[in-house]
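Visitor:
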Amino acid sequence: MIIFKSDDEIKIMEKAAELVANVLLKLEKLIKPGITTEMLDREAEEMIIAHNAKPAFKGYQGRISKRPFPGTICASVNEEIVHGIPGKRKLNEGDIISIDVGAKLDGFFGDSARSYLVGNGDEQAKKLLKTTWDALNDSIDQCITGNRLGDVSHAIESRALANGFSVVKDFVGHGIGRDMHEDPQVLNYGPKNQGPLLRKGMVIAIEPMLNEGGSDVEILPDLWTVVTRDRKRSCHFEDMIAITSEGPKILTRI
């Protein structure tokens with residue numbers, strides 16, 4: 014069941030969304046060769062707690078893994094798509110790192126992800142990041158009342174395929190509010206004019222995940238980290254969008 018939010022509730026949600034956006038901005042400045050994902054995780058946790066919020070991912074019990082997630086951020090590098098566990102791994106020049114941050118503040122969740130090149134990357138890596146970012150923006154453009162959720166999904170897949178990339182089909186975006194994962198699921202593929210109508214008060218997290226190679230995925234023995242089956246690189250962006258009568262409102266950009 015889709016839970017619609019009032020204008021006042023969306024204003025409260027903006028605080029959590031702004032916090033995770035600011036955490037990502039801080040981490041972006043720290044990303045360089047030699048830093049560990051564990052160090053980035055520690056910085057994120059300290060900032061979230063300093064704002065009287067709670068890390069949303071730490072201790073999260075997923076549907077697939079019986080192991081609670083141990084980190085504040087998901088830090089996924091190169092062939093890792095999502096849910097990478099922060100650790101002592103050092104980032105190298107040319108790596109792609111995708112960072113997903115979640116926080117709960119005043120009863121509502123914020124959730125956002127960004128991907129970054131570590132230092133200078135190759136042209137294919139740059140194209141992958143740009144295409145994934147463009148796919149996110151294309152999908153946001155479809156977030157207007159009267160459109161259907163399938164229009165959002167189709168925009169992501171169209172941008173990916175036009176640039177020679179595949180989309181991850183096993184993991185999806187979602188509604189968000191008092192729970193981190195609410196209805197509806199937001200697929201990264203599919204035909205237009207399908208799915209529920211977009212209506213004022215819906216808040217969704219759109220998160221395109223694009224792969225260099227095929228769309229098949231695997232989960233590593235740590236029970237969390239999702240990787241491309243062919244071990245080619247992946248990229249992930251995520252924004253929270255409120256559907257309003259004036260058009261899409263991006264809550265996680267400041």
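Residue numbers (our numbering): 14 to 267. Even glycine gets a Cβ: it sits at the ideal position worked out from N, Cα and C.
Got a sec? Which residues, its chain only, sit under 6 Å from Ser89 by beta carbon, not counting five neighbours each side?
Guide: Only Val95, Gly97 and Ser111 meet the Cβ criterion.
Visitor: Determine, using beta-carbon pairs with one atom in the region 59–77 and one in the region 105–124, whether at least three such pairs fall under 8 Å.
Guide: yes
Visitor: Would you decide whether Lys24 is buried or exposed? Buried here means 16 or more other CB atoms lie within 10 Å of its CB.
Guide: exposed
Visitor: Judging by CA-CA distance, which residue of His187, Gly72 and Gly177 is the nearest neighbour of Ile254?
Guide: His187
Visitor: Can you give the Cα-Cα distance for Pro221 and Thr241, rounded to whole angstroms?
Guide: For Pro221 and Thr241, the distance between alpha carbons rounds to 15 Å.
Visitor: According to DSSP, which residues form a beta bridge with Ile217?
Guide: Gly188 and Ile254
Visitor: Along the chain, where does the alpha helix (DSSP H) that runs through Met52 open and close?
Guide: Thr50 to Ala63
Visitor: Leaving out the 5 sequence neighbours to the left and right, which residues in its chain are closer than 8 Å to Gly203 when beta-carbon positions are compared?
Guide: Gly163, Ser166, His167 and Glu170
Visitor: Of all the options Val131, Pro99, Glu92 and Leu32, which has the alpha carbon lying nearest to the alpha carbon of Thr50?
Guide: Pro99
Visitor: What are the uninterrupted segments assigned as alpha helix (DSSP H) that are 4 or more residues long and contained completely in the region 146–203, given in chain order?
Guide: 162–175
Visitor: Would you report the Cα separation of Lys262 and Ile61, rounded to the nearest angstrom?
Guide: 23 Å
Visitor: Name the two residues that bound the continuous beta strand (DSSP E) containing Met26.
Guide: Counting along the chain, Met26 falls outside any beta strand (DSSP E), though it belongs to the alpha helix (DSSP H) covering Asp20 to Leu43.
Visitor: Would you check if there are 3 or more beta carbon pairs closer than 8 Å linking the region 189–208 to the region 154–163?
Guide: At 8 Å Cβ cutoff, the stretches touch.
Visitor: Short of 6 Å in beta carbon distance, which residues of its chain neighbour Arg244, apart from the five on each side in sequence? Order them along the chain.
Guide: Cβ-Cβ distances below 6 Å link Arg244 to Glu92 in the same chain, with the five nearest sequence neighbours on each side left out; the list follows chain order.
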